[in-house]
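Enquirer: Following my numbering, the numbering of the sequence shown begins with 3 at its first residue and continues without gaps. Using N, Cα and C, we set each Cβ at its ideal position, and we do this for glycine too.
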Amino acid sequence: AGLPAATHTPSEVKAAVTGYGSADKRQVQAMIARILRLDAPPQPPDAADALAIALCHAWRRGAAGAPGQDTLTPAQKA
C-alpha cells in the first residue's frame, strides 16, 4: 500500500525504553508505565511490547519532541 516499514531489533527496543538491551518483560512493562505515567504496567506484557516498539520508533525516527543523539531518552532520565 506504499506505507513505509521499519524494523527494530528486540535489544534496540529494550535499550530505548529501559537503557538495557537485555531487559526482561517485567522491566519493559515497568519502564513503559513510568515513561507514560500509567497507574499500572500495561497488561498483557505484549501490550507493553507494542508500546515500547512505538516509542522506540518515534524516538529513532525523529518524531516531534524526540531526543537528539546527544540527549538522554525519557527512559534514561526516569
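Report the option in His-10, Gly-21, Ala-25 whose CA atom is closest to the CA atom of Ala-60.
Expert: The residue you call residue 60 lines up with position 58 of the sequence shown. That would be His-10, whose Cα lies nearest to the Cα of Ala-60.
Enquirer: Buried or exposed: which applies to Leu-40, given that a residue is buried once 16 or more other Cβ atoms fall within 10 Å of its Cβ?
Expert: The residue given as residue 40 occupies position 38 in the sequence shown. Per the 10 Å Cβ criterion, exposed.
Enquirer: For the alpha helix (DSSP H) that Ser-13 lies in, which residues bound it at each end?
Expert: Translated into positions along the sequence shown, residue 13 becomes position 11. Residues 12 to 20.
Enquirer: State the Cα-Cα distance for the pair Ile-34 and Arg-63, rounded to the nearest angstrom.
Expert: Position 32 of the sequence shown, counted from the start, is the residue given in the question as residue 34. Position 61 of the sequence shown, counted from the start, is the residue given in the question as residue 63. Near 19 Å, if we compare the C-alpha coordinates of Arg-63 and Ile-34.
Enquirer: Can you find the residues in the same chain that come closer than 8 Å, C-beta to C-beta, to Ser-13, ignoring five residues on each side of it along the sequence?
Expert: Against the sequence shown, residue 13 aligns to sequence position 11. Result list for Ser-13: Gly-23, Ser-24, in chain order.
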